[in-house]
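These notes concern the structure reproduced below.
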Amino acid sequence: MRFFNTYSRKLEEFEPLDPAARSIKIYTCGPTVYSRAHIGNFRAYIFEDLLQRHLELRGYKVHRVMNITDVDDKTIRGAREARVPLAKFTRQFKQAFFEDAKTLRIKRADEFPCATDQRYVDRMIAMIGALISKRLAYQADDKSVYFRINKFPNYGKLAHFDLTQLQSTGRVKHDEYDKEHIGDFALWKAWDEEDGDVKWDSPWAPGRPGWHIECSAMATALLGDQIDIHCGGVDNIFPHHEAEIAQSEGVTGEKFVRYWLHCAHLLVDGQKMAKSLGNFYTVPDVLAKSYSGRELRYALLRVHYRVPLNFTWKGMNEARESLGRIDEWLARLSKIARKEKVQRPAPTATQRPIEKPGFEEALDDDLNISAALGFLFETIRETNRAMDENKLDAASASALLDWWQRINTVLDLEAHAEIVVPTEVTQLAKERENARREKNWKRSDELRERISALRWEVRDTKDGSQLTPRSG
RNA sequence: GGCGGGGUAGCCAAGUGGUAAGGUCGCGGUCUGCAAAACCGCUAUUCGCGGGUUCGAUUCCCGCCCCCGCCUCCA
11 MRFFNTYSRK LEEFEPLDPA ARSIKIYTCG PTVYSRAHIG NFRAYIFEDL
61 LQRHLELRGY KVHRVMNITD VDDKTIRGAR EARVPLAKFT RQFKQAFFED
111 AKTLRIKRAD EFPCATDQRY VDRMIAMIGA LISKRLAYQA DDKSVYFRIN
161 KFPNYGKLAH FDLTQLQSTG RVKHDEYDKE HIGDFALWKA WDEEDGDVKW
211 DSPWAPGRPG WHIECSAMAT ALLGDQIDIH CGGVDNIFPH HEAEIAQSEG
261 VTGEKFVRYW LHCAHLLVDG QKMAKSLGNF YTVPDVLAKS YSGRELRYAL
311 LRVHYRVPLN FTWKGMNEAR ESLGRIDEWL ARLSKIARKE KVQRPAPTAT
361 QRPIEKPGFE EALDDDLNIS AALGFLFETI RETNRAMDEN KLDAASASAL
411 LDWWQRINTV LDLEAHAEIV VPTEVTQLAK ERENARREKN WKRSDELRER
461 ISALRWEVRD TKDGSQLTPR SG
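Its first residue numbered 11, the first sequence is counted upward by one per residue in the working numbering.
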């Protein structure tokens, strides 16, 4: 198995920290809960979901942590504007995040630590103290504490930045008079009026932690000084992950992360989807257009994580059609597998799933999902052909279903089969059957139209008419 | 300016030093009362552009163009 490591900019063979235990520690940067996360954010979480699920398919036990940033400039501003306490303000977006993640079938991390948790604030303060005692941090005249990047020679290695070349984009105000170096970043931000009642005591001044230190504190607290994989969007490479390395390694003296994996952006009209640009959709926005969570999951999953993905409604339709193809295939296989199960003894434990290399091997190669799906669809076409020719027996159908079960632990794309046909539709279908028996084609077609308007599809097969839900 | 990612058919998208997976759309066919689904066939002599290496390059090297992102709190 190999992954593209941002640190080396190379594909590297994956070797866990602890190969004997087959367990892997993953830290993933989670949402800042100042508004509902958009689907660009979720692209990153789906990529991380794919990573976790594939590692698990390959027999690793994954311990994954995803932090939730519930205190920063934006959350404080939002709470002020809403005139509610910070915790109350962020609670709604935490809930929304878990709701959306569930809609997208994203597997829950083992822990979701929050930055405001006193346990972690204490740890952040301890780490900052350690950095000060090592002269890697200093308190400036504004009472805030900053990391001294010139004392950490590896600073800039992850982003491959030459610090002397850093240019300000003017996006962020610099307190240049207080800091020794323009690139020094805040570890502890001294309280000011804007912060209202958001503050914690510290040895330096009342205030709040900087953004970066929370991840260092929570990652090392929950996963230890060294972790296997750390993920996030490419926009986190600098400064966030760079800062995390400096802080964590500054305190522990150990290599913080073995593999850095970063996900490319979701684009809209060829531009990065971002709150600041206003060109974003949320999960409910997509659901409101009558697409389902799994359709969105497929649309966000199907492109390799390091390639920018342009979000379009046309793409959503392609996702819908592709999933429909999978659904049809599974339905046919199940029917064949079921049919003979009545006559045959249940499959024995010695029966092995069909040998279908390709899918998992593709994912081994830096999560090459496009190639993996290619194998899936090739398999679908081949077996559909066999079924058309009546050449697929129940044992083979079962074996294929077993194979699907296995790869679906990674994809999680099966329609949740609560297929309940509404009585209205059943009634119309019955009437249509009667019309067809009388060869009243006009009436039959009319009824088909009405069923179609209810989002159901009628198919006339040798075994009679069948009803299929149109999408979802 | 520095550092990255990308540029393959109408659209989405794999891929390899030997002559281009897959999805979607469109067209034709088989099946069907007609459809749908499924299957079959067609749809890139060509992989941003120009050089070079090679018997042979989309794949390696050099130069260039275009798009997107990061450059101090955005996944």
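Beta carbons: idealized from backbone N, C-alpha and C, even for Gly. All values derive from a computational prediction rather than experimental measurement.
The residues Phe-266, in chain order, have a CB closer than 6 Å to that of Glu-259 in the same chain once the five nearest residues on each side in sequence are set aside.
The three-state reading of DSSP puts Ile-239 in strand, counting E and B together.
About 7 Å separates the CB atoms of Arg-115 and Arg-304; that is less than 8 Å, so the two are in contact.
Secondary structure at Asp-202: coil, using DSSP grouped into helix, strand and coil. Under the three-state reduction of DSSP, Pro-26 is assigned to coil, being neither helix nor strand. Within the segment 49-135, complete beta strand (DSSP E) segments of at least 3 residues are found at 71-76, given in chain order. Linking Leu-67 to Thr-419 through their CA atoms gives a straight-line distance of about 7 Å. In this chain, the alpha helix (DSSP H) harbouring Phe-385 covers 379-398.
Distance between Met-134 and Ser-212, taken at the CA atoms: about 10 Å.
Counting C-beta atoms within 10 angstroms of its own C-beta, Glu-388 has fewer than 16 neighbours from the protein chains shown and is therefore classed as exposed. Assignment of beta-bridge partners to Ala-147 by DSSP yields Phe-157. Between the segment 117-124 and the segment 62-79, the count of C-beta pairs closer than 8 Å reaches three or more; the two stretches touch. Per the DSSP secondary-structure output, Cys-273 pairs in a beta bridge with Gly-243. Judged by DSSP in its simplified three-state form, Val-261 adopts helix. For the pair of segments examined, the segment 140-149 was found not to touch the segment 84-97: the number of CB pairs separated by less than 8 Å stays below three.
Counting of Cβ neighbours within 10 angstroms places Ile-239 among the buried residues, the total reaching 16 or more. The shortest C-alpha to C-alpha distance from Pro-318 to any of Met-283, Lys-345, Ala-404, Ala-425 is the one to Met-283. Membership of Thr-478 in the beta strand (DSSP E) is indicated by the continuous run 474-479. Rounded to whole angstroms, the Cβ separation of Phe-157 and Asp-132 is 19 Å, and the two are not in contact under 8 Å. Non-local C-beta neighbours of Phe-385 in its own chain, meaning closer than 7 Å and more than five positions away in sequence, comprise Gly-368, Phe-369, Ala-372, ordered along the chain. Contact between the segment 240-248 and the segment 268-275 is present, with at least three C-beta pairs closer than 8 Å. Closest in alpha carbon position to Glu-434, among Glu-254, Arg-460, Gly-234, is Arg-460. Under the three-state reduction of DSSP, Thr-471 is assigned to strand. For Lys-401, there is no enclosing alpha helix (DSSP H), as DSSP marks it with neither H nor E. Here DSSP, grouped into helix, strand and coil, assigns Trp-339 to helix. Taking Asp-82 as the centre and dropping the five residues before and after it, the same chain places the C-beta of Thr-42, Trp-221 closer than 7 Å to its C-beta, in chain order. In the three-state reduction of the DSSP assignment, Phe-369 falls in the helix class, which pools H, G and I. Closest option to Asn-378, judged by alpha-carbon separation, among Thr-292, Lys-104, Phe-57, Ile-429: Phe-57. If you draw a straight line from the Cα of Ala-381 to the Cα of Tyr-315, it comes to about 13 Å. Burial check for Ala-111: the Cβ neighbour count within 10 Å reaches 16 or more, so the residue is buried. The residue among Ala-47, Glu-441, Ala-227 with its C-alpha nearest the C-alpha of Asp-127 is Ala-227.
In the displayed model, Asn-15 falls within a strand according to three-state DSSP.
When the alpha-carbon of Ala-140 is set against those of Ser-332, Val-155, Thr-292, Leu-421, the nearest one is in Val-155. In its chain, beyond the 5 residues on either side, no residue has a beta carbon closer than 6 Å to the beta carbon of Gly-288.
Taking C-beta atoms as the reference points, Glu-252 and Gly-166 count as a pair closer than 8 Å. By DSSP's assignment, Trp-466 forms a beta bridge with Pro-479.
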